[in-house]
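Below: the structure, in structure tokens.
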């Protein structure tokens, strides 16, 4: 299994490129925001009889500029193409970032223009195969090109799972993407820099985080590191299961942050609590990963 090792100079280069990406994104954010307002690329709130609480609570956000995630993945794409495309480990994250971002962008634009059911956008059964296909390409690349087929379990070592690595890869990336998407329901909840990132931002974020987890062989602790995503994704699945099985809802609204809104929690309180949980779970997950390797 090929290991990805960064030298001291590469770490320094990584940090200054990250800083440059942040600076570039900050510079063109006002221009992009003005573009969104000028052409009225605002969010439509879905109209679905099965989600009346969600529709009522978020009616005030109708028309708020969306597709903010384009700021992130286009900036990363341009900076990477100019400065950092020589490593093979760069190609796949870039491919998944842009592919997921483009699929999400189509979904967001369909929502903006009211194309599709319930206020616009791709249905789950339409976008799931697209995201699964992107994840399948990634899984094939890891297994066939990079020769990766093992999982590291902290404290127990590496375990080879052979070709099962590919379906696990697909499942993990699609889960990460949709959990990230579920989390991006409040301003700033999917991350400190996200505000109505839209599918183009949240799906790209989820895919990229999943890729990084596989690149660092830390996918086992990934649900802990991204605990907020895990909570949000599980709450959505549990709600669907409950409705199908018991013909009623377990939560007032899902994902879980919408349930908290429904019982009266203000948006700012939810976001701040989840930020704290996210920071703590990230530290705990990284500690488990590092100590599990004897570092």
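In the working numbering, the protein residues as written are 26 to 320.
Heads up, the beta-carbon is just placed ideally off N, CA and C, and yes, glycines get one too.
Treat the numbers as computed from the prediction; the structure is a model and nothing was measured.
Since residue i is in the beta strand (DSSP E), which residue starts that stretch and which ends it?
i: residue 178; result: 175-178
i: residue 184; result: 182-185
Quick one, which of the options has its alpha-carbon nearest residue i's?
i: residue 252; options: 299, 39 and 40; result: 299
i: residue 167; options: 259, 270, 248 and 121; result: 121
i: residue 227; options: 132, 60, 262 and 52; result: 132
i: residue 307; options: 195, 243, 46 and 287; result: 243
i: residue 45; options: 93, 101 and 63; result: 101
i: residue 310; options: 257, 291 and 241; result: 241
i: residue 206; options: 64, 304 and 128; result: 128
i: residue 130; options: 140, 94 and 173; result: 94
i: residue 304; options: 59, 104 and 250; result: 250
i: residue 187; options: 204, 169 and 202; result: 169
i: residue 48; options: 103, 248, 60 and 64; result: 103
i: residue 192; options: 165, 151 and 231; result: 165
i: residue 208; options: 301, 256 and 40; result: 256
i: residue 196; options: 312, 62, 38 and 163; result: 163
i: residue 302; options: 202, 254, 172 and 38; result: 254
i: residue 139; options: 266, 171 and 65; result: 65
Helix, strand or coil for residue i per DSSP?
i: residue 291; result: coil
i: residue 90; result: strand
i: residue 263; result: helix
i: residue 318; result: coil
i: residue 243; result: coil
i: residue 170; result: helix
i: residue 251; result: coil
i: residue 45; result: helix
i: residue 164; result: helix
i: residue 280; result: coil
i: residue 141; result: coil
i: residue 309; result: helix
i: residue 65; result: coil
Under 8 angstroms Cβ to Cβ from residue i, same chain only, skipping five residues before and after it: list those, please.
i: residue 199; result: 153, 156, 157 and 160
Residues in its own chain within less than 7 angstroms of residue i by CB, not counting five upstream and five downstream?
i: residue 108; result: 42
i: residue 264; result: 274, 275, 276 and 279
i: residue 96; result: 50, 54 and 57
i: residue 106; result: none
i: residue 124; result: 159
i: residue 239; result: 167 and 194
i: residue 182; result: none
i: residue 184; result: 175, 176 and 178
At what residues does the alpha helix (DSSP H) containing residue i begin and finish?
i: residue 275; result: Residue 275 -> no alpha helix (DSSP H), and no H or E assigned at all.
i: residue 227; result: 223-240
i: residue 196; result: 190-208
i: residue 100; result: 95-108
i: residue 147; result: Unbroken run through residue 147: none, as it is neither H nor E.
Quick one: what's got a C-beta closer than 6 angstroms to residue i's C-beta in the same chain, skipping five residues either side?
i: residue 236; result: 118 and 121
i: residue 126; result: 98, 225 and 229
i: residue 271; result: none
i: residue 315; result: none
i: residue 146; result: 132, 135 and 136
i: residue 317; result: 179 and 180
i: residue 291; result: none
i: residue 223; result: 91, 92, 94 and 133
i: residue 201; result: 231, 234 and 235
i: residue 247; result: 238
Any chance the CB of residue i is under 7 angstroms from a heavy atom of the ligand PLP?
i: residue 34; result: Among the ligands in the structure shown, none appear at all, so the ligand PLP cannot be discussed.
Is residue i close to chain D? Criterion is C-beta to C-beta, closer than 8 angstroms.
i: residue 99; result: Judged by its chain identifiers, the structure shown contains no chain D, having just a single protein chain.
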